[in-house]
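In our numbering, the protein residues as written are 7 to 567. Note sheet for the following structure.
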Ligand SMILES: Cc1cc2nc3c(=O)[nH]c(=O)nc-3n(C[C@H](O)[C@H](O)[C@H](O)COP(=O)(O)OP(=O)(O)OC[C@H]3O[C@@H](n4cnc5c(N)ncnc54)[C@H](O)[C@@H]3O)c2cc1C
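The structure is reproduced here in structure tokens:
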């Protein structure tokens with residue numbers, strides 16, 4: 007991945023081409039028909055990944071004929087695709103995913119051969135890892151790669167195995183296939199039409215019905231030795247892990263884009279729907295339940311996605327934990343937003359025609375594929391638990407101090423409240439250590455959730471401060487100005503702080519981690535009174551965000567002028 011990425015004009019042009027393509031080729035009516043027929047429009051997928059739109063060029067280096075986009079560019083484009091349709095996005099994502107083992111693990115010769123073909127021919131890939139018995143636990147994989155030797159030299163492999171839920175499984179030109187070779191797990195590439203390679207019928211799914219998902223079977227499929235990615239056995243799981251931060255970030259952007267797509271239907275709808283003598287958009291009980299909190303959660307997820315993308319592009323490694331946090335929060339926030347959008351449209355929301363029902367079904371997949379939410383909670387918790395131990399419980403206190411410093415420069419961005427959530431988190435983790443609570447798997451996973459909320463609150467406050475200082479990249483998606491982003495940060499930080507302290511107490515006490523005599527001291531250590539005081543101003547901030555979303559500030563200014 008080129009760390010510089012596209013220049014801003016090229017990125018904006020790519021986003022515009024994507025939007026124009028969607029208006030022309032994927033209007034709502036067509037999307038609804040394809041969804042109802044459970045049909046993947048192969049011509050459209052090929053047009054997107056071929057000469058017409060060339061979206062695949064984004065993630066291919068210039069030396070192989072691509073555009074050389076970086077992680078940040080991929081985030082912006084994936085969000086835009088998700089706003090259009092998550093099924094189509096998944097078809098494109100499968101080629102991104104399928105070529106990832108090549109990107110990180112292939113020999114220079116393999117890289118040149120395959121990446122050039124993806125760029126020039128628009129090859130569609132499928133990424134075949136999951137099996138009927140091996141989903142979250144890929145270690146249980148049964149697929150095999152048997153060496154074929156000639157004169158004592160490995161000349162090829164015979165691949166056997168059944169893969170399940172494979173995106174593009176029935177339409178791909180090439181498959182990256184994970185199998186156990188004698189030297190350990192490896193990725194192999196096999197092309198469509200290889201004898202012994204077959205696929206099942208498209209799955210009849212809850213959502214992303216426009217994407218093709220099928221089982222793929224390998225029965226004695228022969229591939230030459232140069233189809234072993236990297237040429238060395240045993241690297242498969244390492245190669246898969248090397249891109250987790252990046253690939254999970256892409257699914258995070260899907261949650262973000264789909265969540266916003268739902269809200270962007272609910273918001274205009276509410277300005278036109280009159281009930282009890284006024285538009286729904288003027289009812290505080292409506293906006294402050296169904297719109298504003300979801301905007302805050304989505305923008306907190308965006309802050310986490312942007313920071314992670316920037317850090318990956320700056321060469322900080324694959325950032326798997328940060329990618330997991332972004333995926334977890336953005337996919338859960340996207341689901342909540344889409345669910346609220348159905349409610350916001352009332353009976354109309356419950357019908358197909360208004361699209362939010364389809365978006366809700368589609369976005370559901372983001373909490374399942376590329377690692378379920380529960381696996382994300384476990385990954386986040388285990389990784390950060392190690393840091394908590396290594397730093398003797400100081401990791402989150404230190405992060406909180408950094409945010410207190412931000413607060414002293416920018417008292418408006420909610421950094422002090424985010425700091426409260428991080429201090430509380432450090433105390434919850436420490437109490438869990440002393441009482442050995444991570445022996446309860448449920449506690450371990452709940453800690454993952456609290457960590458994600460607290461870290462995300464920190465990200466959003468930092469981002470709001472950078473925006474106030476005019477230090478955000480010109481490629482940043484700027485839907486909100488600095489005062490609005492600061493208000494969103496305060497809203498989310500209040501939620502995160504309350505959640506970490508109260509739910510932390512709930513679970514620690516629930517697991518027997520605090521005796522009656524210790525309870526008062528533990529409560530005090532969580533900073534609950536300060537967190538309760540920080541809730542002051544919440545409704546005013548929500549009013550302000552509703553005004554921003556409905557453009558009421560400009561209208562009021564015009565009226566008073
Ligand atoms: C539409 C679709 C497209 C997909 N595309 C692809 C693709 O292109 N390539 C590919 O390789 N795979 C793909 N997948 C597979 C996807 O990644 C898996 O479905 C996912 O990883 C979960 O695995 P599973 O379905 O076996 O569920 P399981 O692993 O059986 O999980 C079932 C439930 O148990 C929970 N769980 C699992 N393990 C634990 C644990 N240790 N502790 C607590 N809870 C646990 C999970 O969170 C989940 O809620 C796709 C799936 C779908 C539905």
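Backbone N, C-alpha and C define an ideal beta-carbon position, used for all residues, glycine too. As the structure is a prediction and not an experimental result, all values here were calculated from the model.
Residue pairing by DSSP puts residue 182 in a beta bridge opposite 133, 195. Less than 9 Å separates the beta-carbon of residue 297 from that of residue 269. Put simply, the backbone Cα of residue 464 is about 15 Å away from that of residue 317. Under the DSSP definition of a beta bridge, residue 153 partners with 163. Residue range 326-350 is occupied by the alpha helix (DSSP H) that includes residue 341.
By the beta-carbon neighbour count (other beta carbons within 10 angstroms, threshold 16), residue 19 is exposed. Between residue 216 and residue 59 a beta carbon distance of about 16 Å is seen, past the 8 Å cut, so the two are scored as non-contacting. In the DSSP annotation of this structure, the continuous segment of the alpha helix (DSSP H) that includes residue 99 starts and ends at 92-111. Per DSSP, residue 228 is not a residue of any alpha helix (DSSP H); the beta strand (DSSP E) it occupies stretches across 219-230.
In chain order, 265, 300, 303 place their CB closer than 8 Å to the CB of residue 342, counting only its own chain and leaving out the 5 sequence neighbours on each side. Excluding five sequence positions before and after residue 422, the CB atoms of its chain that fall closer than 6 Å to its own CB belong to 413, given in chain order. For residue 313, same chain residues with a beta-carbon under 8 Å away, outside a window of 5 residues either side, are 328, 465, 468, 469 in chain order. If only uninterrupted alpha helix (DSSP H) runs of at least 4 residues are considered, those enclosed by the stretch 357-401 are 362-369, 379-396. Distances taken from the Cβ of residue 241 to the heavy atoms of ligand 1 include none shorter than 8 Å. The C-beta distance from residue 202 to residue 183 rounds to 12 Å, too long to meet the 8 Å contact threshold. Here residue 78 is buried. Its C-beta has 16 or more other C-beta atoms within 10 Å. Rounded to whole angstroms, the gap between the alpha carbons of residue 533 and residue 91 is 43 Å. Scanning 259, 209, 282, 322 for the CA closest to the CA of residue 307 turns up 259. Fully enclosed alpha helix (DSSP H) runs of no fewer than 4 residues occupy 488-504 of the stretch 469-507, in order along the chain.
The residue from 22, 345, 10, 72 with its alpha-carbon nearest to that of residue 55 is 72. For residue 532, no beta strand (DSSP E) encloses it, and the DSSP letter there is neither H nor E. In this structure, the CA atom of residue 13 is about 41 Å from the CA atom of residue 279.
The nearest non-hydrogen atom of ligand 1 is less than 8 Å from the C-beta of residue 135.
With a threshold of 8 Å, the Cβ atom of residue 525 does not count as near ligand 1, since no heavy atom of the ligand is closer than that.
Look at residue 88 here: in three-state DSSP terms it is helix. In summary, residue 170 is buried, with 16 or more beta-carbon neighbours lying within 10 Å of its beta-carbon over all protein chains present. Check the Cα spacing between residue 51 and each of 39, 81, 87, 43: the tightest is with 87. Annotation: residue 491 to residue 419 spans about 8 Å, alpha carbon to alpha carbon.
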